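Residue numbers (my numbering): 78 to 538. Glycine included, every Cβ here is placed at the ideal spot set by N, Cα and C. These numbers come from a predicted model, not from an experiment.
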């Protein structure tokens, strides 16, 4: 419900608008709703340097004419032309009248704007929201945030897993560049996206399955850090047989040996790795790879090197790497280059292929020490290149996730009135203590409330 909204008659509109103009009000926009036999037109103004809003509302018969306010606020002629064309709303004396040609011109012959009759929801175009653009793994952030807001954690988890296989891990140690890009944070508090990813993992249920028919191709992944695990996950999804070689006795790479357990509980890490194994990925632990030729002799059609670089950063969400990697690269006869003080493999920027046929590299081996989410994104990119090298499309086919997702008609107003975080944020302290975690996750109720704060920047309304 709009606050500070005043119902007026059509003949009062110009006087009321002139009064607001004299008081220094800024015209923001106007909206029109088809009520069947009449229209409701609402004009939105900004008062007191953005600290307060004022709304003038009028309900008129469809045959009634509304006086244009564009001779007071010239910019209003744009939205008035839009309402005139979409709704056939009768407006008099528009300062700049396009006479029905505002949305359709010679340069733009097709209009994508659709009138919504009688409050019925219409299909909307999905856009790429800033949070998704900022995510290295390309997760459909705004969609899973919205699903969390609906309390549909199953669907939220499914959306995450389409693009990134480790929500339990990243819900704890991600750098969350998506939160820095969140538009809500520009005038308030950004959505706690990382916490919602964690909530989807904790409260949602999703069963991973291999989605493609077996190709008969075999891929060796050397290294079981986040990059190698992500690549193994996606390659298996494409029907390839993947074997992961890890020199350490347990899989996980630096996530296991470098991130403290209070930041990343080992039962969470183990569960995420087990999900990869359940897809059909074979793990050879305590097994060092001494030569690339030995992998070819074992019948592997492609090899992915997901080893660490030679230097690391000691932080819980940054991956350090073991120092012997450079020697391994040279032993394999691969070209090495120094980037920002780290000796890394020289690869093709687009395909991540090395100087040897059928050998690819990703993660620290290519970029130097980086974050878990960037390593996962690198592994995903390498998997796409290997999939294409093995004769497939090199593209991911995501499953159709059917879920109720309401579309707000008041998005503009919600952006004018930023929603604050819940005053009483409830964390699942018991769960955190059981795992000896430093930081607790949101309760179901708080996660849903946080998800509802999303502005839905991905929806074209």
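**Request:** In angstroms with no decimal places, state the Cα-to-Cα distance between residue 523 and residue 88.
**Result:** Within the chain shown, the letter at position 446 stands for residue 523. Within the chain shown, the letter at position 11 stands for residue 88. Cα atoms of residue 523 and residue 88: separation of roughly 47 Å, rounded to the nearest angstrom.
**Request:** Would you check if the distance between the CB atom of residue 308 and the CB atom of residue 439 is smaller than 8 Å?
**Result:** Here residue 308 refers to the residue found at position 231 when the chain shown is read from its first residue. Here residue 439 refers to the residue found at position 362 when the chain shown is read from its first residue. In this structure, the beta-carbon distance from residue 308 to residue 439 falls below 8 Å.
**Message:** Could you compute how far the alpha carbon of residue 102 sits from the alpha carbon of residue 519?
**Reply:** Counted from its first residue, the chain shown places residue 102 at position 25. Counted from its first residue, the chain shown places residue 519 at position 442. Answer to the nearest angstrom: the Cα atoms are 40 Å apart.
**Prompt:** From residue 119 to residue 207, what distance separates their C-alpha atoms?
**Reply:** In the chain shown, counting from the first residue as 1, residue 119 sits at position 42. In the chain shown, counting from the first residue as 1, residue 207 sits at position 130. When rounded, the distance between both Cα atoms is 29 Å.
**Prompt:** Which word fits residue 564, buried or exposed, when buried means at least 16 other C-beta atoms lie within 10 angstroms of its C-beta?
**Reply:** The first residue shown for the chain is 78 and the last is 538, placing residue 564 beyond what the model contains.
**Message:** Excluding the 5 residues flanking residue 531 on each side, which residues of the same chain have their C-beta closer than 8 Å to its C-beta?
**Reply:** Here the question's residue 531 lines up with position 454 in the chain shown. Close CB contacts of residue 531 within its chain, under the 8 Å cut and outside five residues either way in sequence, are with 219, 222, 223, 226, 261, 268 (chain order).
**Message:** Please report the distance separating the alpha-carbon of residue 492 from that of residue 264.
**Reply:** Indexing the chain shown from 1 puts residue 492 at position 415. Indexing the chain shown from 1 puts residue 264 at position 187. Residue placement at residue 492 is flagged as unreliable, the pLDDT there being 49, under the threshold of 50; the coordinate-derived value follows with that caveat. Cα atoms of residue 492 and residue 264: separation of roughly 9 Å, rounded to the nearest angstrom.
**Request:** Could you check what DSSP says for residue 444 in three-state terms: helix, strand or coil?
**Result:** In the chain shown, the residue the question calls residue 444 occupies position 367. Of the three classes helix, strand and coil, the one that applies to residue 444 here is helix, per DSSP.
**Request:** Pull up the CB-CB distance for residue 341 and residue 527, whole angstroms please, since I reckon it's below 8 Å.
**Result:** If you number the chain shown from 1, residue 341 lands on position 264. If you number the chain shown from 1, residue 527 lands on position 450. Residue 341 to residue 527, Cβ: 22 Å. No contact.
**Prompt:** Could you give the uninterrupted runs of the beta strand (DSSP E) lying entirely in the stretch 109-141, keeping only those of 3 residues or more?
**Reply:** The beta strand (DSSP E) runs of length 3 or more contained entirely in the stretch 109-141 are, from start to end of the chain, 115-124, 129-138.
**Request:** Tell me whether residue 314 is buried or exposed, calling it buried when 16 or more other Cβ atoms sit within 10 Å of its Cβ.
**Result:** In the chain shown, residue 314 corresponds to position 237, counting from 1. It counts as buried.
**Asked** Residues in its own chain within less than 6 Å of residue 135 by CB, not counting five upstream and five downstream?
**Response** Position 58 of the chain shown, counted from the first residue, corresponds to residue 135. Exclusion of the five residues before and after residue 135 leaves 85, 87, 118 as the residues of its chain whose Cβ lies within less than 6 Å of its Cβ.
**Prompt:** beta strand (DSSP E) containing residue 360: first to last residue?
**Reply:** Indexing the chain shown from 1 puts residue 360 at position 283. In the DSSP assignment, residue 360 falls within the unbroken beta strand (DSSP E) covering 359-362.
**Message:** Less than 8 Å between the C-beta atoms of residue 322 and residue 379, yes or no?
**Reply:** Taking the first residue of the chain shown as position 1, residue 322 is located at position 245. Taking the first residue of the chain shown as position 1, residue 379 is located at position 302. No, Cβ-Cβ distance for residue 322 and residue 379 is not below 8 Å.
**Message:** Quick check on residue 103: does DSSP put it in helix, strand or coil?
**Reply:** If you number the chain shown from 1, residue 103 lands on position 26. It is a strand residue.
**Prompt:** Taking Cβ to Cβ, would you say residue 237 is nearer than 8 Å to residue 253?
**Reply:** Here residue 237 corresponds to residue number 160 of the chain shown, with the count starting at 1. Here residue 253 corresponds to residue number 176 of the chain shown, with the count starting at 1. No, the pair does not count as a contact, with Cβ atoms beyond the cut-off.
**Request:** Please state whether DSSP places residue 379 in a helix, a strand or coil.
**Result:** Along the chain shown, one-based indexing puts residue 379 at 302. Three-state DSSP puts residue 379 in a strand.
**Asked** For residue 99, which option in 457, 529, 434, 149 has the closest C-alpha, if you only look at C-alpha atoms?
**Response** Counting from one through the chain shown, the residue named residue 99 turns up at place 22. The residue with the shortest Cα to Cα distance from residue 99 is 149.
**Asked** beta strand (DSSP E) containing residue 322: first to last residue?
**Response** On the chain shown, position 245 is the one that residue 322 refers to. Start and end: 318-323.
**Prompt:** Does the stretch 423-431 touch the stretch 275-289, meaning 3 or more C-beta pairs lie closer than 8 Å?
**Reply:** With the cut-off at 8 Å, the stretch 275-289 and the stretch 423-431 do not touch.
**Backbone secondary structure at residue 414 - three-state DSSP** = Position 337 of the chain shown holds residue 414. Three-state DSSP puts residue 414 in a strand.
**Asked** With a cut-off of 8 Å, do at least 3 Cβ pairs link the stretch 90-99 to the stretch 156-168?
**Response** The stretch 90-99, when compared against the stretch 156-168, does not touch it at the 8 Å Cβ threshold.
**Prompt:** residue 234 lies in the alpha helix (DSSP H); which residues open and close that run?
**Reply:** Sequence index remark: in the chain shown, residue 234 carries index 157 (1-based). Annotation for residue 234: the continuous alpha helix (DSSP H) segment containing it runs 230-240.
**Residues that DSSP places opposite residue 144 in a beta bridge** = Along the chain shown, read from residue 1 onward, the residue named residue 144 stands at position 67. Its beta-bridge partners are 169.
**Asked** Among 241, 104, 144, which one has its Cα closest to the Cα of residue 458?
**Response** Against the chain shown, residue 458 aligns to sequence position 381. Ranking the options by Cα distance to residue 458, first place goes to 241.
**Message:** Assuming residue 279 is part of the alpha helix (DSSP H), what are its boundary residues?
**Reply:** Residue numbering aside, residue 279 sits at position 202 when the chain shown is read from its first letter. Residues 270-280.
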